[in-house]
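Okay, structure first, notes after.
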Amino acid sequence: MALQPSYLLSLLLLVLLLPYSTTAQTSSNLSLGLSLIAQENGSYWASPSGDFAFGFQQIGNGGYLLAIWFNKIPEKTIVWSANGDNLVPTGSKVEITKDGQLVLSDPTPTGTEIWQSESGGLGVVYAAMLDTGNLVLASQDGSHLWQSFDHPTDTILPTQTMSMGSKLVAHYSETNYSNGRFQFALQKDGNLVLQTLAFPTDWSDTVYWPIGSGFQVVFNESGYIYLTATNGSILTTVSSNSVSKQDFYQRAVMEYDGVLIHYVYPKSSTNTSNAWSILSVKPPNICEITEDIGSGACGFNSYCELGGDGRPNCKCPTRYTLIDPNDVMKGCREDFLPQSCYEASSKTDQFDLSEMESINWPLSDYGRYVNVTEDWCRNACLGDCFCAVAVFGGGQCWKKKIPLSNGIKDPDNAASKVLIKIRKDNSTSNPSGADLKKKNHSTVILIVSVLLSSSMFLNLLFLMAAFLPIFRFKYWKSKAIKTYPFMPGMNLQSYTYEELTKATNGFREELGRGAFAKVYKGKLDLLVENDVEATDDMKRLEKYVMIAIWCIQEDPSLRPTMKKVVQMIEGSIEVSVPPGPSSFISSILASQAISRNGILINDIFRQAFLDEIWLDFTRSKLPSYTFVKLPFDEIAYKDDLGI
3 MALQPSYLLS LLLLVLLLPY STTAQTSSNL SLGLSLIAQE NGSYWASPSG DFAFGFQQIG
63 NGGYLLAIWF NKIPEKTIVW SANGDNLVPT GSKVEITKDG QLVLSDPTPT GTEIWQSESG
123 GLGVVYAAML DTGNLVLASQ DGSHLWQSFD HPTDTILPTQ TMSMGSKLVA HYSETNYSNG
183 RFQFALQKDG NLVLQTLAFP TDWSDTVYWP IGSGFQVVFN ESGYIYLTAT NGSILTTVSS
243 NSVSKQDFYQ RAVMEYDGVL IHYVYPKSST NTSNAWSILS VKPPNICEIT EDIGSGACGF
303 NSYCELGGDG RPNCKCPTRY TLIDPNDVMK GCREDFLPQS CYEASSKTDQ FDLSEMESIN
363 WPLSDYGRYV NVTEDWCRNA CLGDCFCAVA VFGGGQCWKK KIPLSNGIKD PDNAASKVLI
423 KIRKDNSTSN PSGADLKKKN HSTVILIVSV LLSSSMFLNL LFLMAAFLPI FRFKYWKSKA
483 IKTYPFMPGM NLQSYTYEEL TKATNGFREE LGRGAFAKVY KGKLDLLVEN DVEATDDMKR
543 LEKYVMIAIW CIQEDPSLRP TMKKVVQMIE GSIEVSVPPG PSSFISSILA SQAISRNGIL
603 INDIFRQAFL DEIWLDFTRS KLPSYTFVKL PFDEIAYKDD LGI
C-alpha cells in the first residue's frame with residue numbers, strides 16, 4: 003500500500019525536529035532525576051511556548067551561569083540566575099534530585115554543591131519552566147513548593163509580585179553578575195525604596211528615591227508596576243505604561259548604575275528595530291544622589307552627567323583619568339603628581355587652576371569663605387596642599403579635598419566657577435633629585451637619632467665591635483692558602499670537609515676511582531685571596547663601627563654633628579680612626595661576656611678583652627684566638643689569659 007504524501011511530509015518533519023528535541027526539552031513537566039550539563043551549545047529546558055529557557059549560559063570566558071532567559075530573541079537576555087557570584091566551569095551539573103531539590107554542583111568527582119533551591123523537597127514530584135518565565139518545583143496537585151519568582155535577582159517580569167522583604171539587587175556591571183551597589187527593595191516595614199549598598203557587603207545604605215509604603219509590588223501583564231495595600235488597592239504607581247502582551251516582551255530591571263528601567267521588546271520578527279526600548283526610568287535623575295558616606299552615583303573623584311536615556315555617564319574632571327577603564331564605578335585619579343604637604347610653599351608655582359563649568363561635588367567641602375574675591379579664592383587653594391578643587395561664586399569660596407564625592411554636572415547651575423588644581427605641563431610628575439636626596443637625608447638623620455637615643459644602639463655597637471675580628475678571622479681563615487714545606491713554590495687551595503660536601507652535592511656523582519681514592523664531580527665558587535667584594539664589605543663594616551664609636555665619645559666636644567654623621571655615612575667626608583672607646587663601654591660588656599663556667603669575666607679580663615679588640619680593629623692584626631660557646635654567640639679570648 004502506497005504511503006500518502008501528507009504522511010510522508012509528517013514523517014520528514016518528525017525526523018528534522020529530532021535534533022532540536024535533544025537541545026530544547028519543551029514538555030510541561032520535568033521529571034525528578036533529570037539534569038543538564040554546562041557545556042558549549044548545551045541542552046536547556048524551554049517553556050511550552052519557547053519564550054523562556056532554563057539552563058547554562060556562558061559568560062565570556064569566565065564560566066557558566068545557571069539562568070533563565072528570553073529564548074526567542076538574539077540577545078538571550080537573562081532574567082534570573084542562581085550563581086551570579088560564583089560562575090561554574092564546564093562539566094558542572096544541575097539536577098532535579100530524587101528528593102525534590104534543584105541542585106547545582108561542580109564537575110569534581112565528589113560533585114561539590116554550589117547552590118540548591120532549598121525547597122525542602124517535601125512533596126515535589128516534578129519541575130516546570132512556565133511561559134511566564136517562572137521556574138517551579140510542584141507537588142502532585144500543581145502547588146508551587148518553590149519558584150524562581152520568589153527569589154528574584156535583578157529583574158521582575160509580568161505576573162510577578164514582590165512581598166515585603168523582597169528586593170532586586172543590581173549586578174556589579176553589565177558582564178559581572180555578582181551583586182553590585184544598588185537595590186530596589188520592599189522593606190520589611192513596607193517602605194518601597196531605591197537605595198545604595200555598602201559594596202562589597204549587602205548592608206543597606208542611603209535611600210535615594212523613596213516611592214511609598216504598602217504591602218506588595220505587582221507587575222501586571224498590561225505593563226503597570228504598582229504598590230498595593232493589603233486589600234489589593236493601588237497606593238503608588240512605579241510605571242504606568244500600557245503594553246500589549248501579545249506584541250511585546252517586558253521586564254523591569256534594577257540596572258548596575260542605579261536606575262530602575264521598564265523595558266519592552268517587540269515579539270514580531272518583521273520589526274526592523276528589534277531591540278529593548280525604555281518605557282520608564284526611576285529615579286528621573288540618578289545624578290542627584292547625595293550620600294554622607296559613599297561616592298554617589300559615580301565613583302570617587304568623578305562626576306555624573308545624565309544621558310538622554312536617563313542613565314548616568316560617569317566622567318573624570320580635567321587631568322584626571324579612570325582608575326579602571328573597564329569599570330567606571332571605581333572612579334578617577336590624578337594623571338599628575340599631586341601637591342605634597344611636605345613641599346615648600348614656593349612649590350605652588352608648579353600648579354595651576356583649570357576652569358570647568360556646571361560641575362560640583364556638594365559634600366566634599368572642608369572650607370567656606372564669604373566676602374572674598376576670585377583671586378583670593380584661587381590663591382587660597384593654590385597655597386593649600388589639601389585643596390584639590392575650589393568653587394567660587396557670589397563672593398563665596400569653597401575648598402574641596404580628595405576624595406571628591408557625589409559629583410554632578412548640572413547645566414542649570416552655571417553661576418559658579420569650578421577650579422581644578424592641576425600640575426603645570428612643564429612641571430615634572432616625579433620628585434626632583436634634590437627632593438629625593440633631602441628625603442633620604444631626613445630618613446638617615448631620623449634613623450641615627452633613634453639609634454643614638456636607645457640603649458639598643460649600645461648593644462649593637464658591642465656586637466659589631468666584638469664580632470668584627472671573629473668574622474674577619476673566620477672569613478680569611480676559610481680562604482687562607484696553606485703552603486706545605488715539601489711542596490715549595492706550589493700555590494694550593496685547601497678546603498674544609500663542609501665545603502667539599504656542599505660542592506659535590508653530598509658526594510653524589512662519582513666520576514671514577516683509583517687505588518686509594520674516589521673522584522667526585524663538584525662545583526666550587528671561585529675563591530681568590532684578594533676578594534674585592536668581601537674586602538669592600540669589611541671596609542664598610544669598619545667604617546660604620548668607627549662612626550658609631552665617634553658618636554658615643556665621653557667628651558661631647560669630640561662627638562660629630564648630625565650633619566657630619568650623615569656625610570660620613572654617605573662617604574662625603576672621610577672617617578678618621580676615633581680615640582679608644584670610653585670606659586663605660588666596658589661596663590656594657592660586663593653583662594655580655596661570660597666565662598666557660600657561666601661566671602662573669604672579671605674586670606681585668608673585660609678590659610684586656612676590650613683592648614685586644616680595639617688593637618685588632620685599629621691595627622688590623624689577626625691574633626691567635628680560641629672560642630668559647632656563649633648563650634648568644636661565640637666570643638674570642640686570648641690563650642695567654644689562662645681561662
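Per our numbering, residue 3 is the first one in the sequence shown, and the count goes up by one each step.
Glycine included, each C-beta is placed from N, C-alpha and C at the ideal position.
In this text, all values refer to a predicted model and were calculated from it rather than measured experimentally.
Contact under 8 Å by Cβ, residue i with residue j
{"i": "L32", "j": "F58", "result": "no"}
{"i": "N362", "j": "G397", "result": "no"}
{"i": "D143", "j": "S49", "result": "no"}
{"i": "Y226", "j": "T239", "result": "yes"}
{"i": "R561", "j": "Q569", "result": "no"}
{"i": "E359", "j": "A299", "result": "no"}
{"i": "I263", "j": "A254", "result": "yes"}
{"i": "Y258", "j": "H173", "result": "yes"}
{"i": "Y265", "j": "S279", "result": "yes"}
{"i": "G385", "j": "S304", "result": "no"}
{"i": "F56", "j": "L137", "result": "yes"}
{"i": "C387", "j": "S342", "result": "yes"}
{"i": "T177", "j": "G52", "result": "no"}
{"i": "F394", "j": "S418", "result": "yes"}
{"i": "S241", "j": "L281", "result": "yes"}
{"i": "K545", "j": "V567", "result": "no"}
Continuous beta strand (DSSP E) stretch holding residue i: start and end
{"i": "T163", "result": "T163 to S165"}
{"i": "V266", "result": "L262 to P268"}
{"i": "I236", "result": "I236 to S242"}
{"i": "C334", "result": "C334 to E336"}
{"i": "K284", "result": "S279 to K284"}
{"i": "F217", "result": "F217 -> no beta strand (DSSP E), and no H or E assigned at all."}
{"i": "T323", "result": "Y322 to L324"}
{"i": "Y228", "result": "Y226 to T230"}
{"i": "W205", "result": "Premise fails: W205 is in no beta strand (DSSP E) and is neither H nor E."}
{"i": "V171", "result": "K169 to H173"}
{"i": "S49", "result": "Neither: S49 is in no beta strand (DSSP E) and is coded neither H nor E."}
Chain-order list of residues whose beta-carbon lies under 6 Å from that of residue i (same chain, five-residue window excluded)
{"i": "S94", "result": "A40, D108 and P109"}
{"i": "T503", "result": "none"}
{"i": "L194", "result": "L188, I213, G214 and L229"}
{"i": "D412", "result": "S360"}
{"i": "A200", "result": "D207"}
{"i": "F151", "result": "N136 and Q162"}
Local conformation of residue i per DSSP, three classes
{"i": "D367", "result": "strand"}
{"i": "V547", "result": "helix"}
{"i": "K504", "result": "helix"}
{"i": "I75", "result": "coil"}
{"i": "E556", "result": "coil"}
{"i": "W378", "result": "helix"}
{"i": "R542", "result": "helix"}
{"i": "V195", "result": "strand"}
{"i": "Y499", "result": "helix"}
{"i": "V567", "result": "helix"}
{"i": "K419", "result": "strand"}
{"i": "K403", "result": "coil"}
{"i": "L188", "result": "strand"}
{"i": "T350", "result": "helix"}
{"i": "L384", "result": "helix"}
{"i": "C306", "result": "strand"}
{"i": "V245", "result": "coil"}
{"i": "F56", "result": "strand"}
Alpha helix (DSSP H) segment containing residue i, residue limits
{"i": "Y251", "result": "Element bounds for Y251: not the alpha helix (DSSP H) but the beta strand (DSSP E), F250 to M256."}
{"i": "D108", "result": "It is not in any alpha helix (DSSP H) - D108 carries neither H nor E in the DSSP assignment."}
{"i": "M131", "result": "Looking at the DSSP string, M131 is not in any alpha helix (DSSP H); the run it does join, the beta strand (DSSP E), is Y128 to M131."}
Nonlocal neighbours in the same chain, by C-beta distance under 8 Å from residue i, ignoring five residues either side
{"i": "V452", "result": "Confidence is the limiting factor: at V452 the pLDDT is only 48, short of 50, which leaves the residue's position unreliable, though a coordinate-based value still follows. Once the five neighbours on either side are set aside, V452 has no close Cβ partner at all."}
{"i": "V261", "result": "V283, K284, P285, I288, G312, R313 and P314"}
{"i": "Q118", "result": "Q103, L104, V105 and L106"}
{"i": "L124", "result": "G102 and L147"}
{"i": "K402", "result": "W363, S366, D367, Y368, C389, A390, V391, A392 and V393"}
Same chain, Cβ closer than 7 Å to residue i, five either side skipped, listed in chain order
{"i": "E511", "result": "Y522 and K523"}
{"i": "N88", "result": "I116"}
{"i": "S337", "result": "Sequence inspection shows Asp at residue 337; the Ser mentioned does not correspond to that position. These residues qualify, in order along the chain: R321, Y322 and T323."}
{"i": "F302", "result": "G333, P405, L406 and S407"}
Taking 8 Å as the cut-off, does the region 292 to 310 touch the region 196 to 214 (at least 3 CB pairs, one atom from each stretch)? yes
Given 8 Å, three or more beta-carbon pairs between the region 368 to 387 and the region 317 to 328: no
If you pair each beta-carbon of the region 84 to 101 with each one of the region 215 to 229, do three or more pairs fall below 8 Å? no
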